[in-house]
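Engineer: Numbering-wise (our numbering), the sequence shown opens with residue 9 and increments by one.
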Amino acid sequence: MKKNKTNNGKTEKLQGQNGKTFDPMALTWSERYDEQISKVWKLLPESVAKIIASVAVFILGVSINGDWILVWVHLIKQFGHRSVNATVDSRWFTLESLRLNNFLSFWWPSLVVSYGLYVGIGGFIHWYYYIRQRDRPEEWKCQPQKWLSPELEKHEILLGSFTLFLNATVSSLLSCYIYNGGYCTVYYDISEYGWLYFILQFPLIFIYQDYLTYWLHRIYHLPFLYKNFHKLHHKYKQPTAFSVTAIHPVESLHIQITLATPLFFAPIHWFPFYASAFYAYYHGIIDHSGVNFKSFWWQPWQPDAIFHDNHHQYFHVNFAFNISFWDKLHGTYRRKDRVYNEDIFYGTGKTVDSVTSEELAADLEERELENPLAYRAEMPFKLSDKEVKSLRKSK
Ligand SMILES: [Zn+2]
Ligand SMILES: [Zn+2]
Numbered sequence: 009m010k011k012n013k014t015n016n017g018k019t020e021k022l023q024g025q026n027g028k029t030f031d032p033m034a035l036t037w038s039e040r041y042d043e044q045i046s047k048v049w050k051l052l053p054e055s056v057a058k059i060i061a062s063v064a065v066f067i068l069g070v071s072i073n074g075d076w077i078l079v080w081v082h083l084i085k086q087f088g089h090r091s092v093n094a095t096v097d098s099r100w101f102t103l104e105s106l107r108l109n110n111f112l113s114f115w116w117p118s119l120v121v122s123y124g125l126y127v128g129i130g131g132f133i134h135w136y137y138y139i140r141q142r143d144r145p146e147e148w149k150c151q152p153q154k155w156l157s158p159e160l161e162k163h164e165i166l167l168g169s170f171t172l173f174l175n176a177t178v179s180s181l182l183s184c185y186i187y188n189g190g191y192c193t194v195y196y197d198i199s200e201y202g203w204l205y206f207i208l209q210f211p212l213i214f215i216y217q218d219y220l221t222y223w224l225h226r227i228y229h230l231p232f233l234y235k236n237f238h239k240l241h242h243k244y245k246q247p248t249a250f251s252v253t254a255i256h257p258v259e260s261l262h263i264q265i266t267l268a269t270p271l272f273f274a275p276i277h278w279f280p281f282y283a284s285a286f287y288a289y290y291h292g293i294i295d296h297s298g299v300n301f302k303s304f305w306w307q308p309w310q311p312d313a314i315f316h317d318n319h320h321q322y323f324h325v326n327f328a329f330n331i332s333f334w335d336k337l338h339g340t341y342r343r344k345d346r347v348y349n350e351d352i353f354y355g356t357g358k359t360v361d362s363v364t365s366e367e368l369a370a371d372l373e374e375r376e377l378e379n380p381l382a383y384r385a386e387m388p389f390k391l392s393d394k395e396v397k398s399l400r401k402s403k
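Written out as structure tokens, the structure is:
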């Protein structure tokens, strides 16, 4: 099932199914039932349909790292059994001594719910953007002429499912440990540190986590770490909502554990912590969706989806996630007069004079594939015909 340039991938995938090839990817259910879903969908008023789609993105975000089970435990501790304190077995390495009593009753619900949401909600989102609007990509897609091949779609869902398994396992270990009274610095009673500190935690945790992920991401773009780990996530030059969890297991665990550390080192109320985490997960899906989403007026810090789409198209540039200022601050924000590709490391690209004519031609070709509708004003990275001519002449 090889994708050809003029086709859009979907037809070929369906041909594969008609040809009775077994497709292990559960998400294709939404392609199979396209007609039925469309019929129901048309009955809904547009505003309701839009709300359902946004809520679906949010629920997928909540499920992708299995963090929902941690929130569940904090809710129990906040409103009910705060005195949960399992008896501690003094022998080493028993589940009790590690405060992991009843671990299985955390683990399997975490996996079942997380994977169920991934397939169910993920399939719906796939249908909503990639099936329903497949015939008019120029209206909504960041790179309208290019689609992820069916092989890569499968690859990202398989890899994404595997990292989901690992992340959900870590989340259930943490939640079980915290439920059983294991050490952590989370507090529940707002009056313990006052309202001012409670409210300040929203921006503080958000800024701390986002700046940390900027650096983690930038470090994973250093040649050694990139080639051995992060390159896997960059197989998807046209990312989709499923690319967000499709990262190397080592990198995925590293990020999850690093982001969880504040729960053990600073007095943190669970609510601002998870509000910030879910905001980031929601935008992780939006930013990888390949759809030309714009941020809202109340999010002046938030880049539009094309910002991270550019990161996938041009590789070593735009490392930030939810605050694009970090790239501006450190000189890794994409520039019109620079050339970027997978072999140009360190985030600053190369000046036009220092690249070969092939590199320049490839970069100019990439720019043609971008959708002007993904930007707010006219294409900020498009060179005028005159500029292109003089550049080509100078080579
Ligand atoms: Zn990257
Ligand atoms: Zn990405």
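We treat Cβ as the ideally placed atom computed from N, Cα and C, and that holds for glycine.
Please confirm if the stretch 260-280 is in contact with the stretch 305-324, defined as three or more CB-CB distances below 8 Å between the two stretches.
Structural biologist: These segments do not touch.
Engineer: For I276, is the classification buried or exposed, using 16 other Cβ atoms within 10 angstroms of its Cβ as the cut-off for buried?
Structural biologist: Result: buried.
Engineer: Does the beta-carbon of V56 have 16 or more other beta-carbons within 10 angstroms, so that it is buried, or is it exposed?
Structural biologist: With fewer than 16 other Cβ atoms within 10 Å, it is exposed.
Engineer: Among Q321, V325, E164, which has the Cα closest to the Cα of Y228?
Structural biologist: Among Q321, V325, E164, the Cα nearest to that of Y228 is on V325.
Engineer: Which partner residues of V70 appear in the DSSP bridge assignment?
Structural biologist: V70 is not bridged to any residue.
Engineer: Determine the closest residue to Y137 out of Y185, G298, L377, with distance taken between C-alpha atoms.
Structural biologist: Nearest C-alpha to Y137: G298.
Engineer: So what's V56 in DSSP terms, helix, strand or just coil?
Structural biologist: Three-state result, V56: helix.
Engineer: Using 8 Å as the threshold, is the stretch 126-145 in touch with the stretch 208-223, meaning 3 or more CB pairs across them?
Structural biologist: Output reads no: the stretch 208-223 does not touch the stretch 126-145.
Engineer: Take S392 as the anchor and find which of G189, E376, R384 has the nearest alpha-carbon.
Structural biologist: Considering only alpha carbons, the answer is E376.
Engineer: Give me whichever residues DSSP pairs with V347 in a beta bridge.
Structural biologist: Per DSSP, K358.
Engineer: Given this structure, state the Cα-to-Cα distance separating L156 from A249, to the nearest angstrom.
Structural biologist: Taking the straight line joining both Cα atoms gives about 12 Å.
Engineer: If V81 and Y187 are in contact, beta carbons under 8 Å, what's the gap, nearest whole angstrom?
Structural biologist: The pair is a contact, with the Cβ atoms about 5 Å apart (cut-off 8 Å).
Engineer: Cα separation between L78 and L267?
Structural biologist: C-alpha separation (whole angstroms): 14 Å.
Engineer: Let me know the secondary structure DSSP gives V363 once reduced to three states.
Structural biologist: Residue state, collapsed to three classes: coil.
Engineer: Cα-Cα, which of L68, Q44, Y123, Y287 is closest to F210?
Structural biologist: Here the closest residue by C-alpha is Y287.
Engineer: Distance check for I352 and D361, CA to CA, integer angstroms please.
Structural biologist: Roughly 14 Å separates the two Cα atoms.
Engineer: Let me check understanding here. Comparing Cα to Cα, which of I207, Y354, V194 lies closest to P231?
Structural biologist: P231 has its Cα closest to that of Y354, out of I207, Y354, V194.
Engineer: What span of residues does the alpha helix (DSSP H) with F210 cover, start to end?
Structural biologist: It spans 203-227 - the alpha helix (DSSP H) in which F210 sits, taken as one unbroken run.
Engineer: What distance in whole Å lies between the Cβ atoms of C184 and N300, which are believed to be in contact at a cut-off of 8 Å?
Structural biologist: Incorrect: roughly 41 Å between the Cβ atoms, too far for contact.
Engineer: Quick check: the stretch 336-352 against the stretch 316-325, are there 3 or more CB pairs under 8 Å?
Structural biologist: Yes, the stretch 336-352 is in contact with the stretch 316-325.
Engineer: Roughly how many whole angstroms lie between the Cα atoms of D295 and T253?
Structural biologist: Cα to Cα, the separation comes out at about 12 Å.
Engineer: I need the DSSP call for F30, collapsed to helix, strand or coil.
Structural biologist: With a pLDDT of only 45 at F30, under 50, the local geometry of the prediction cannot be trusted, and the value read off the model is given with reservation. In the structure shown, F30 sits in coil (DSSP, three-state: anything other than H, G, I, E or B).
Engineer: Check the C-beta distance from S284 over to I198 and give it rounded, since I have them as a contact under 8 Å.
Structural biologist: The pair is not a contact, with the Cβ atoms about 17 Å apart (cut-off 8 Å).
Engineer: How many Å lie between G69 and A369 at the Cα?
Structural biologist: Each residue's Cα considered, the two are about 38 Å apart.
Engineer: Kindly say whether L240, judged by its beta-carbon, lies nearer than 7 Å to any beta-carbon of chain D.
Structural biologist: In summary, chain D is missing from the structure at hand, where a single protein chain is found.
Engineer: Might you give, ordered along the chain, the residues of its own chain that have their beta carbon closer than 8 Å to the beta carbon of W203, omitting 5 neighbours on each side?
Structural biologist: Counting only Cβ-Cβ distances below 8 Å, and skipping sequence neighbours, we find nothing.
Engineer: So the alpha helix (DSSP H) S179 belongs to, where does it begin and stop?
Structural biologist: Segment 158-187, the alpha helix (DSSP H) holding S179.
Engineer: At the level of alpha carbons, what is the spacing between E395 and S46?
Structural biologist: One C-alpha to the other measures close to 46 Å.
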